[in-house]
Amino acid sequence: MNVRTDRYSVIFFTLVIAIALMLVPLPSILDIMRPYWVGLVIIYWCLEAQGRISLGLAFTIGIVLDLLSASLLGMHALSLVIIVYLVTRFRARLRFFPPWQQALSVLALLMNDRIILLWIISLRGEPLPTLQFWLPPIVGTLVWPWLFLLLDRYRGALRHRVIR
Amino acid sequence: MVKTSPGTESRFFGPGGQTARLMLYGLLAVVLMAMDQRGHYVSSIRSAAGHLVEPVYHAVEWPLRAVRNFSEQFQSRRSLHQENDRLRGYILLQQAALQRLETLTEENRRLRSLFEGARGQEFEYRFAELLRVDLDPFSHRVLINRGSKDGVTRGQAVIDGDGVMGQVEEVHLHFSTVRLISDPNHALPVQISRTGLRTVAFGMGTTGYLSLPAVPREADVREGDLLVTSGLGDRFPGGYPVGRVTRINRGEGLSFAQLEAEPLAALDRGREVLLISALPNDENLAKPAAQGEVPDERINDTEGQGNAGDDSLEENSIARDGGEEVPE
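One line per chain: the protein sequences are A and B, in this order. Here this note's numbering is used: the first residue of the first sequence is 1, the next is one more, and so on. Here this note's numbering is used: the first residue of the second sequence is 1, the next is one more, and so on.
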């Protein structure tokens with residue numbers, strides 16, 4: 001029996017939580033290492049749900065995130081579009097990597113995203129950020145395996161409920 | 001643009017089509033960013049999105065607020081009493097200081113009237129709280145829980161207990177966005193309180209310091225000097241503390257001394273802020289003290305004082321305005 005657990009309602013639900021996690025107030029020590037939740041969740045769905053996250057959808061989510069976090073409009077849109085493009089491109093390989101190798105590729109994706117952000121920052125003429133700027137990708141990589149398991153669990157639970 | 005037919009896309013379009021679409025969306029994003037940076041059209045998108053965005057902020061904030069309310073409910077009587085006593089003592093001290101200040105204000109007004117009849121401005125303060133939402137750390141903005149319903153207007157100065165924080169950038173119904181003085185696009189007309197030297201403090205993109213690049217080399221500036229707003233530019237009322245000079249570089253070959261100042265306001269960790277609105281001068285004659293509640297008219301009047309039509313201009317132009325006021 002084939003139960004779809006990659007319905008858009010499921011995807012949007014996880015994305016809404018991810019967006020909320022990006023906004024939730026944290027003490028500044030945790031704030032500087034807040035992982036890119038939306039990026040991670042998008043990577044997950046790109047890997048697990050073939051073609052569900054189109055570039056257009058990624059762009060739209062990015063714009064929503066930009067409006068919510070009051071960042072430069074288009075910044076997160078660009079970052080998510082690039083992430084989705086890269087993951088879709090290398091999906092076949094990424095999916096069958098062992099977990100640690102997958103985590104490393106996630107690190108590469110997040111670092112790439114940070115480099116793009118750095119480019120935007122320098123174009124705006126802001127001073128270059130300090131070393132802690134590179135903390136979120138590292139934390140994101142550490143979080144990734146657990147997030148992956150959690151989302152898999154969630155989908156598993158969903159499947160069970162639907163069957164019952 | 002959002003492709004809704006699932007599963008088929010990558011097979012039908014192939015990597016080539018995907019790349020073209022990446023280019024398209026990338027370009028779109030870059031154009032949007034450039035527009036936002038230059039301040040075209042995007043502010044209207046933002047203000048239109050205000051209604052959509054607001055419930056999300058409340059939802060994000062709600063658990064924290066609930067926890068705080070809960071803990072306040074169960075705070076012990078004794079600790080409340082202690083806090084009460086402490087605050088009462090604090091008020092007494094402040095009142096003592098104010099008494100002196102009031103006579104000084106009166107004296108100041110009398111002296112001013114002796115001069116050219118230029119009367120000092122009267123200001124009204126409105127309390128606001130920061131929303132507990134963490135925005136993008138590179139946006140240099142904070143949210144406050146007062147909006148157009150409470151009579152907040154664009155360009156209003158925002159201070160906290162220690163100094164100037166920023167100015168209101170966008171006004172929504174129940175909340176507003178405040179641009180901090182640390183924003184690299186923000187310039188604040190200031191003067192050194194000890195000498196009266198006027199200059200401009202630019203944001204540097206960090207909350208740690210402001211830059212004052214246009215101070216004459218031979219100017220009398222010392223580390224620890226207090227910077228206050230100069231009141232030029234008509235955005236910020238004069239005389240509010242901004243920061244303290246922390247570093248002075250009069251290096252060889254520089255045509256100006258390079259100053260750095262540390263902001264006094266808690267830009268990145270504040271909780272409560274005050275919105276300042278100026279009472280127009282002629283109304284002061286009728287109503288000497290800041291009382292009465294006709295916020296809308298009064299605030300509109302304030303806006304119209306020096307920068308009629310400035311509303312459509314963006315922060316960039318504020319920066320330029322500020323730049324022109326540098327005394328040579």
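From the three backbone atoms N, C-alpha and C, an ideal C-beta is built for every residue, glycine too. Bear in mind that the values here come from a model prediction, so they are computed numbers and not experimental data.
The DSSP-derived three-state label of Leu275/B is strand. Here Glu106/B carries a helix assignment [DSSP, helix/strand/coil].
For Ile138/A, the closest of Ala103/A, Pro127/A, Ile121/A by C-alpha to C-alpha distance is Ala103/A. By a beta-carbon distance limit of 8 Å, Gly74/A contacts Val30/B. Their separation comes to about 7 Å. Between the alpha carbons of Val178/B and Ile276/B lies a distance of about 13 Å. Taking each of Ala70/A, Val24/A, Ile42/A in turn and checking the Cα distance to Tyr8/A, the smallest one comes out for Ile42/A.
Contact between the stretch 143–156 of chain B and the stretch 248–267 of chain B is not established, with fewer than three Cβ pairs separated by less than 8 Å.
Sixteen is the threshold: since fewer than 16 other Cβ atoms of the shown chains lie within 10 Å of the Cβ of His51/B, the residue is exposed. A distance below 8 Å between beta-carbons, with the five flanking residues on each side excluded, links Tyr85/A to the following residues of its chain, in chain order: Leu55. As summarised for the stretch 147–180 of chain B, the continuous beta strand (DSSP E) elements at least 3 residues long and confined to that stretch are 157–159, 164–171, 176–180, given in chain order. Under the Cβ criterion of 8 Å, Ala29/B is counted among the residues facing chain A. Under the 10 Å beta carbon count, Thr88/A is surrounded by 16 or more other beta carbons and is classified as buried.
Note: Phe12/A is not bridge-paired with any residue in the DSSP secondary-structure output. A straight-line Cα-Cα distance of about 9 Å links Val133/B and Leu26/A.
Residues of chain B with a Cβ closer than 9 Å to the Cβ of Gly156/A do not exist; the shortest Cβ-Cβ separation is about 21 Å.
For Thr199/B, the pairing in a beta bridge is given by DSSP as Val190/B.
At least 8 Å separates the beta-carbon of Met165/B from that of Leu72/A. Burial check for Ser176/B: the Cβ neighbour count within 10 Å reaches 16 or more, so the residue is buried. The contact set of Arg21/B on chain A, defined by CB atoms closer than 7 Å, consists of Leu55 in chain order. Closest option to Ala201/B, judged by alpha-carbon separation, among Asp162/B, Thr195/B, Arg110/B, Leu188/B: Leu188/B. Cβ neighbours of Val273/B within its own chain (closer than 7 Å, five residues either side excluded): Ala128, Leu130, Ile144, Val158, Ile159, Asp160, Met165. In this structure, Leu226/B places its C-beta atom within 8 Å of the C-beta atom of Pro241/B.
Straight-line measurement puts the Cα of Val228/B at about 19 Å from the Cα of Ala97/B. A straight line joining the alpha-carbon of Leu30/A with that of Gly224/B spans about 32 Å. Gln167/B sits buried, since 16 or more C-beta atoms from the chains shown fall within 10 Å of its C-beta. Remark: C-beta atoms of Ala70/A and Arg146/B do not approach each other more closely than 8 Å.
Counting only runs of 4+ residues, the alpha helix (DSSP H) found wholly inside the stretch 65–134 of chain A occupies 75–89, 91–95, 99–123, in chain order. Check the Cα spacing between Ile53/A and each of Pro35/A, Met22/A, Gly140/A, Val10/A: the tightest is with Val10/A.
Non-local beta-carbon contacts of Phe133/A in its own chain, meaning distances under 8 Å to residues more than five positions away in sequence, involve Arg114, Leu118 in chain order. Across the structure, Leu23/A and Asp136/B are spaced so that their CA atoms are roughly 8 Å apart.
Assignment of Val133/B by DSSP, reduced to helix, strand and coil, places it in the coil class.
Going by DSSP, Gly243/B is part of the beta strand (DSSP E) stretching over 241–249.
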